[in-house]
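Worksheet: one structure, shown below.
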Amino acid sequence: MKKISVLTSLLCIGLFFTIASISSCVHDACVARNIQCQNNGTCRDGNCLCPNGFEGDSCQFKVNEKFAYNYKCIRTGFIDDTIPDDNDDTLRVFTENDKFGILFYSIRDSEYYRVKATVNDNFVTIPSQDVTFKADSANIYNVNVSGSGSLVGDILTLTVNNKWFDNNLQKDRHSKFTYAGSKYKKN
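For the sequence shown, numbering that gives the first Met the number 0 gives the first residue as 0, with consecutive numbering after it.
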């Protein structure tokens, strides 16, 4: 009888520890689903937390890559408070080597100037910069460019401010254009 009670006690103790160890197991979704985060991302609760400058399920994309398209645009704006009559345009956006930089230009104005910008998530910042604007072989201007914009889904909106001195008119000039367009071709 003593043997049965010792065996029963040992069985109960063993069962208790088995149940306790099984119930205390913590499920790690990252291990269970074999999550592999790229670009130094870290997995938490089955999802990759991406470092600054990367995005995607596995942190596989640089944040600027989603901007690298041609966009069919409507261009609205003014030059010295006068509205030009040309409003259709195409913007070409390319990625720079870093994960935040983009380069863009208007197909219409591609011979004139190219603008550098930076992205943060879906927002674009065009820092103040001087670019050379070539209107024709006789008229070359140094233009100060700045602006901002955003990408929502496939729709890019950019507002570009320009300031320059017109040698022919001997006066300061300015323009502001907003481009709104949708992606149509990957660069």
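For every residue, glycine included, the Cβ atom is placed at its ideal position computed from N, Cα and C.
Treat the numbers as computed from the prediction; the structure is a model and nothing was measured.
Alpha-carbon to alpha-carbon, residue j and residue i
i	j	result
Cys36	Val62	15 Å
Phe93	Gly55	19 Å
Gly100	Asp165	30 Å
Phe176	Thr156	10 Å
Glu95	Tyr140	25 Å
Arg107	Ser136	17 Å
Asp120	Gln59	14 Å
Gly52	Lys98	6 Å
Tyr183	Cys47	30 Å
His173	Val114	16 Å
Thr75	Ile82	8 Å
Gly146	Asp85	20 Å
Cys72	Asp88	5 Å
Gln169	Asp80	17 Å
Ser127	Asn161	10 Å
Phe66	Asn167	37 Å
Phe77	Ser105	16 Å
Pro50	Asn38	7 Å
Val130	Asp171	16 Å
The beta strand (DSSP E) enclosing residue i, as first and last residue numbers
i	result
Val159	154-165
Cys29	Per DSSP, Cys29 belongs to no beta strand (DSSP E); it is in the alpha helix (DSSP H), 28-31.
Lys182	170-185
Asn51	Careful: Asn51 lies outside any beta strand (DSSP E) and carries neither H nor E.
Cys42	41-43
Assumed close pair residue i, residue j - CB separation to whole angstroms, cut-off 8 Å
i	j	result
Val142	Phe132	4 Å
Ile154	Ala116	That pair is no contact at about 17 Å.
Asp187	Ala31	Outside the shown range of the chain (0 to 186) lies residue 187, about which nothing can therefore be said.
Leu90	Tyr112	No, Leu90 and Tyr112 are not in contact; Cβ-Cβ is about 13 Å, not under 8 Å.
### Query
What are the complete alpha helix (DSSP H) segments, minimum 4 residues, inside the region 72-138?
Taking only runs of at least 4 residues, no alpha helix (DSSP H) segment lies wholly in the region 72-138.
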